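All residue numbers for the sequence shown refer to UniProt numbering, where the first residue is 1 and numbers rise by one.
Written below as structure tokens is the structure these notes are about.
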Amino acid sequence: MSAVREFMTTNAQCIAEDKTLQEAAMRMRDLDCGSLPICGSDGKLTGFITDRDIVVKCLAEGKDARQVLASELAGGKPYWVDADASVDDAVTMMEEHQVRRLPVISDHKLVGIISLGDIARNHYAEQRLGEMVEHISAKEHMSH
């Protein structure tokens, strides 16, 4: 059984919770990614922010991305997976929480991100992947 660490992207970076959403957006641009884990001053995961969060929860509300801090979008319990967990466990967690990516933690530190794309690129069981995409997409359409 494959471990998450075999599939994850390892160049993951956090955005500090005291940084602005503009800084988060610039980091996403520079890293060519659409999401970032949010970390506290102790380096621990406090949340996850997506480019869509910035648009919907900041810009669409008329707020200034140069003033709003990442911590303001870090509410709730962040979902993550251990680097040594099985890919099946990660897939189950993605389905359960209707997310397409998860921060990967090892020894209490962020070591990567695993996404639906990472799993697909590594030829994870196609039937299982198809079921997962269908499940996540159905939930997304129901919630909008």
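Every residue, glycine too, gets a C-beta built ideally from N, C-alpha and C.
Treat the numbers as computed from the prediction; the structure is a model and nothing was measured.
- Given a length threshold of 3 residues, each whole run of the beta strand (DSSP E) inside the stretch 88-119 is given here in chain order: 101-106 and 109-115.
- Annotated three-state conformation of Val68 is coil, per DSSP.
- Ile105 is not a Cβ neighbour of Phe7, given a cutoff of 8 Å.
- Contact between the stretch 115-122 and the stretch 14-27 is absent: fewer than 3 CB-CB pairs across the two stretches fall below 8 Å.
- As the crow flies, the alpha-carbon of Ala70 is around 25 Å from that of Glu96.
- In terms of Cα proximity to Val111, the closest of Ala24, Arg29 and Cys39 is Cys39.
- Comparing alpha carbon positions, the residue from Asn11, Thr9, Gly34 and Asp88 closest to Leu21 is Gly34.
- Annotation: the continuous alpha helix (DSSP H) that includes Leu21 extends over Leu21 to Leu31.
- The criterion of a C-beta distance shorter than 8 Å is not satisfied by Pro78 and Ala12.
- Annotated as proximal: Asp51 and Ala25, with beta-carbon spacing under 8 Å.
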